[in-house]
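The sequence shown runs 0 to 489 under numbering that gives the first Met the number 0. Note that CB positions come from ideal geometry on N, CA and C, so glycine has one too.
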Amino acid sequence: MLVEVILGAALLALIWLSFKKPSGLPPGAWGLPMVGYFPLNGMSIEEQVERLHKQYGDIFLWRMGTQVVVFVNSFQLSKEVFSSKTFTNRPSWDIFNLGEKVPKGVFASNAHIWHTNRRFTLRQLRDQGMGKSRLVAGIHEQAQKLVRALESQANRSAPVPHALRVAITNVIWHMIAGQTFEMDDKKLQEFEKLTKEFNAAQFWMGFPDFFSWLKYLPKFLLNKFFLLHLNDHLKKNFFVFFDEAIQEHKSSLDPNNPRDLMDAYLLDIEQTKDDPDSIRTQNDLTILLLDLFFAGTETTTNTLMHLFYYLAMNPEVQRKVQAEIDEVLPKGTLPTLDDRPSMPYTDAVIHEILRISSLVPFGIMHSANEDTQLAGYTIPKGTAVTSAFSEIHFDSQHWDQPKKFMPERWLDAEGKFSGKRDGFLPFGIGRRSCIGETLARMELFIFSTAVFQSLSIAPPPGKTIDLSHDKNVPFFHMAKTQDVLFTLRG
Numbered sequence: 000m001l002v003e004v005i006l007g008a009a010l011l012a013l014i015w016l017s018f019k020k021p022s023g024l025p026p027g028a029w030g031l032p033m034v035g036y037f038p039l040n041g042m043s044i045e046e047q048v049e050r051l052h053k054q055y056g057d058i059f060l061w062r063m064g065t066q067v068v069v070f071v072n073s074f075q076l077s078k079e080v081f082s083s084k085t086f087t088n089r090p091s092w093d094i095f096n097l098g099e100k101v102p103k104g105v106f107a108s109n110a111h112i113w114h115t116n117r118r119f120t121l122r123q124l125r126d127q128g129m130g131k132s133r134l135v136a137g138i139h140e141q142a143q144k145l146v147r148a149l150e151s152q153a154n155r156s157a158p159v160p161h162a163l164r165v166a167i168t169n170v171i172w173h174m175i176a177g178q179t180f181e182m183d184d185k186k187l188q189e190f191e192k193l194t195k196e197f198n199a200a201q202f203w204m205g206f207p208d209f210f211s212w213l214k215y216l217p218k219f220l221l222n223k224f225f226l227l228h229l230n231d232h233l234k235k236n237f238f239v240f241f242d243e244a245i246q247e248h249k250s251s252l253d254p255n256n257p258r259d260l261m262d263a264y265l266l267d268i269e270q271t272k273d274d275p276d277s278i279r280t281q282n283d284l285t286i287l288l289l290d291l292f293f294a295g296t297e298t299t300t301n302t303l304m305h306l307f308y309y310l311a312m313n314p315e316v317q318r319k320v321q322a323e324i325d326e327v328l329p330k331g332t333l334p335t336l337d338d339r340p341s342m343p344y345t346d347a348v349i350h351e352i353l354r355i356s357s358l359v360p361f362g363i364m365h366s367a368n369e370d371t372q373l374a375g376y377t378i379p380k381g382t383a384v385t386s387a388f389s390e391i392h393f394d395s396q397h398w399d400q401p402k403k404f405m406p407e408r409w410l411d412a413e414g415k416f417s418g419k420r421d422g423f424l425p426f427g428i429g430r431r432s433c434i435g436e437t438l439a440r441m442e443l444f445i446f447s448t449a450v451f452q453s454l455s456i457a458p459p460p461g462k463t464i465d466l467s468h469d470k471n472v473p474f475f476h477m478a479k480t481q482d483v484l485f486t487l488r489g
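See the structure below:
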């Protein structure tokens, strides 16, 4: 009888502990064992985070399934956290590491692999002209192709054409592989379709990472309910394409004259082949190419989509941009980096689009490398940590009338552009901030100026443009596909 009492008491204690949030953790939504806090109130994830922020303050947790996610929702705290070596890791989730046992590339990797690949990639992108005037000619070429594509659909209501994505892709792909795509390239159209399917499925694909016990289900059920087959499908299609590009580079590689990032990586493989600690492998190169292909295309393409939509719905802003372009640039002359200081209003519009669109509303999840203290709370090793950048971009502490599209907020009393602002982090912050920020800024300035130098944009007659995000993609503020009307400027 005594044994039964002891076992019963132990069982009750275990049940009680499973419901109780461990001491030392930040406040927040703990929920139930195995499922965590899973509200059924119809709110979106962003709305839930906003509600928890108001309830618990600038640091709080949300237990999602078996994963604990800590949110730091203030600019200063985000700056502290993501500048610390303690929070440089990524969570070990399949949706990040593409099923690799040891994450490769630069997006999902950790420790030495991440540090080595980030340093290598930054150096190679700079060698290829990122942030330098010699890359401008290549961006001009793609901007001109985009303008011609938009001119071909002038006076006809239609979605922003596929040519926008091709032009943006070509800039990064030429730096990586020394190649560009034609505007009607079938392979790139296939990749765009696959990417859209993958983005739309990410919410469901993440369930087995957050509810880890789901991974014990048969694979056919995981594929049916959580679309995990799309992960394999994406890897297969992109990897085949990248492997072909790698083989082409191998066959024509000149060790004395590396042409691009891919050549540089292949030379590193050869030079470190006898080093047992080297991370240089073709598999790592393939994943690095995938990281750069996605990062160099998705964010800039969607930022420009948002810019087109907002200027279509704010014609007075569009007219000011065009007036500035006409004043600074002779007719038919595309901008260079030297023109940017003379175009403060155009720069202000770009920055306001980056703020108000907040493309990656929660940034990219980090995790604690070790047990640590943060703002007086205990953060156990492996805990996911992130920040709602979209909330910071709408924080009235940093922004007057934050919900309003107001480019003038970026200009000082003399009309000069003032870009350094607390509360602004569209490219992330800290040690894992966006590698391609400088490239993205170059592209946004040159592409937007080229388009509005030659064209105007408006909603289709009798219609408006929906500025809200595609709700089917909850972790990325993707602009909705819809008709717009481009017209030629006289």
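Tyr36 (DSSP reduced to helix, strand or coil): To locate residue 36, count along the sequence shown from 1; it is residue 37. Tyr36 falls in the coil class under three-state DSSP.
CA-CA distance, Val472 and Tyr36? What you label residue 472 is simply residue 473 of the sequence shown in a count that begins at 1. What you label residue 36 is simply residue 37 of the sequence shown in a count that begins at 1. Between Val472 and Tyr36, the C-alpha separation is close to 21 Å.
As a quick exercise: from His365, Arg408 and Gln481, pick the residue whose alpha carbon is nearest that of Ile428. For the purposes of this step, residue 428 is taken as residue 429 along the sequence shown, with counting starting at 1. Of the listed residues, the one whose Cα sits closest to Ile428 is His365.
Alpha-carbon to alpha-carbon, Trp172 and Lys479: Residue mapping note: residue 479 aligns to position 480 of the sequence shown, counting from 1. Residue mapping note: residue 172 aligns to position 173 of the sequence shown, counting from 1. Cα to Cα, Lys479 sits roughly 25 Å from Trp172.
With three or more beta-carbon pairs closer than 8 Å as the criterion, would you say the region 319-338 touches the region 291-303? no
For Ser341, count neighbouring C-beta atoms within 10 Å of its own C-beta (all shown protein chains included) and say buried if the count is 16 or more, exposed if not. For this step, residue 341 is matched to residue 342 along the sequence shown. Burial call: exposed.
Grab me the residues of Leu287's own chain with a C-beta within less than 8 Å of its C-beta, minus the 5 sequence neighbours each way, in chain order. Here residue 287 is taken as the residue at index 288 of the sequence shown, counted from 1. Lys103, Gly104, Val105, Asn116, Thr120 and Tyr264.
Nearest-angstrom Cα distance between Phe446 and Arg440? Here residue 446 refers to the residue found at position 447 of the sequence shown. Here residue 440 refers to the residue found at position 441 of the sequence shown. Those two C-alpha atoms are separated by around 10 Å.
Touching by the beta-carbon criterion (3+ pairs, under 8 Å), the region 375-388 and the region 353-365: yes
Arg318 (DSSP reduced to helix, strand or coil): Reading the sequence shown from its first residue, position 319 is the one you call residue 318. Of the three classes helix, strand and coil, the one that applies to Arg318 here is helix, per DSSP.
Confirm, please, whether the CB-CB distance from Trp61 to Val68 is below 8 Å. The residue given as residue 68 occupies position 69 in the sequence shown. The residue given as residue 61 occupies position 62 in the sequence shown. Yes, the pair counts as a contact, with Cβ atoms nearer than the cut-off.
Which residue wins for smallest C-alpha separation from Pro460, given the options Gln452, Phe451 and Phe485? For the purposes of this step, residue 460 is identified with residue 461 of the sequence shown, where counting begins at 1. For the residues Gln452, Phe451 and Phe485, the minimum Cα distance to Pro460 belongs to Phe485.
DSSP-derived helix/strand/coil call for Met405: The residue labelled residue 405 in the question sits at position 406 within the sequence shown. Three-state result, Met405: coil.
From Glu323 to Gly414, what does the alpha carbon distance come to, in whole angstroms? Locating residue 323 in the sequence shown gives position 324, counting from the first residue. Locating residue 414 in the sequence shown gives position 415, counting from the first residue. Those two C-alpha atoms are separated by around 12 Å.
My assumption, with CB atoms under 8 Å, is that Gln481 sits in contact with Pro254. Please give the rounded CB distance. The residue given as residue 481 occupies position 482 in the sequence shown. The residue given as residue 254 occupies position 255 in the sequence shown. Contact doesn't hold; Cβ gap of about 50 Å is too wide.
Of the listed residues Phe180, Ser156, Arg125 and Ala110, nearest to Lys144 (C-alpha basis): The sequence position of residue 144 within the sequence shown is 145, counting from 1. Among Phe180, Ser156, Arg125 and Ala110, the Cα nearest to that of Lys144 belongs to Phe180.
Per DSSP, what kind of secondary structure is Gln400 in: helix, strand or coil? Translated into positions along the sequence shown, residue 400 becomes position 401. Here Gln400 sits in coil by DSSP.
With the cut-off set at 8 Å, would you say His392 and Gly422 are in Cβ contact? Within the sequence shown, numbered from 1, the residue matching residue 392 stands at position 393. Within the sequence shown, numbered from 1, the residue matching residue 422 stands at position 423. Cβ atoms of His392 and Gly422: closer than 8 Å.
By alpha-carbon positions, which one of Thr194, Lys402 and Lys319 ends up nearest to Asp290? Taking the sequence shown and counting its residues from 1, one reaches residue 290 at position 291. Considering only alpha carbons, the answer is Thr194.
Pull up the DSSP beta-bridge partners for Tyr376, would you. In the sequence shown, residue 376 corresponds to position 377, counting from 1. Tyr376 is bridged to Leu373.
Can you give me the start and stop residues for the beta strand (DSSP E) that Phe86 sits inside? For the purposes of this step, residue 86 is taken as residue 87 along the sequence shown, with counting starting at 1. Unbroken run through Phe86: none, as it is neither H nor E.
Under 8 Å Cβ to Cβ from Leu454, same chain only, skipping five residues before and after it: list those, please. Taking the first residue of the sequence shown as 1, we reach residue 454 at position 455. For Leu454, where only same-chain residues beyond five positions count, the Cβ hits under 8 Å are Val146, Leu149, Glu150, Ala153, Phe485, Thr486, Leu487 and Arg488.
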